[in-house]
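Scroll down for the structure; my scribbles are underneath it.
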Amino acid sequence: MMTEQFVSANITPLDSLDTLSPHEVAKLQDRNQAGLYPLFRQCALAVLNCGSELDSTKQVLEKHKDFDIRVSHKHRGVQLELINAPASAFVDGEIIQGIREHMFSVLRDLLYVVDELDICCDGLEESEQITNMVFHILRHASAIEPHIKPNL
96 MMTEQFVSAN ITPLDSLDTL SPHEVAKLQD RNQAGLYPLF RQCALAVLNC GSELDSTKQV
156 LEKHKDFDIR VSHKHRGVQL ELINAPASAF VDGEIIQGIR EHMFSVLRDL LYVVDELDIC
216 CDGLEESEQI TNMVFHILRH ASAIEPHIKP NL
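Residue numbers (this note's numbering): 96 to 247.
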């Protein structure tokens, strides 16, 4: 019988997102419903669980109920502490580089979208807010480009 293995490790970004403000760290650590921690944890677990046969969010969350992620400043940089992460995201105790990159992309994009949503839609009607939010998110993701018909 094969037993699922878990790994605890600290990871830092390779290229970008070297620093976070104390406010951004606080938002990511906020475990209240309005905070980003629950969403960040789920997104991080999805990235770490890539390649798994398990595709049900509910089952993944149940299987990894002891998974935790903590964000901290280290030496003027950012560090993620992964606790009880899926071992499949690691080779010889080191996180797979592509997974590391995706982890910090999730972190960057979550912070960007939340900040952008806070400022982009002030004073607009609800339908205009939704359209404007979608536009900002797609533009940031380089999903839309000038003079090119989007393939959505």
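Beta carbons: idealized from backbone N, C-alpha and C, even for Gly.
### Task
Assign A236 to buried or exposed, taking buried as 16 or more other Cβ atoms, counted over all protein chains shown, within 10 Å of its Cβ.
exposed
### Query
Any idea which residues DSSP pairs N105 with across the strands?
E176
### Query
CA-CA distance, S116 and A180?
25 Å
### Task
Take every Cβ of the segment 141-161, pair it with every Cβ of the segment 189-203, and state whether three or more of those distances are shorter than 8 Å.
yes
### Query
Would L202 be called buried (16 or more neighbouring beta carbons within 10 Å of its own) or exposed?
buried
### Task
Between the Cα of P108 and those of I194, V229, K153 and F230, spot the shortest distance and give me the residue it belongs to.
I194
### Task
Express the C-alpha separation of E176 and M96 in angstroms, rounding to a whole number.
With a pLDDT of 28 at M96, under the threshold of 50, the predicted position of this residue should be treated as unreliable, and no value is reported.
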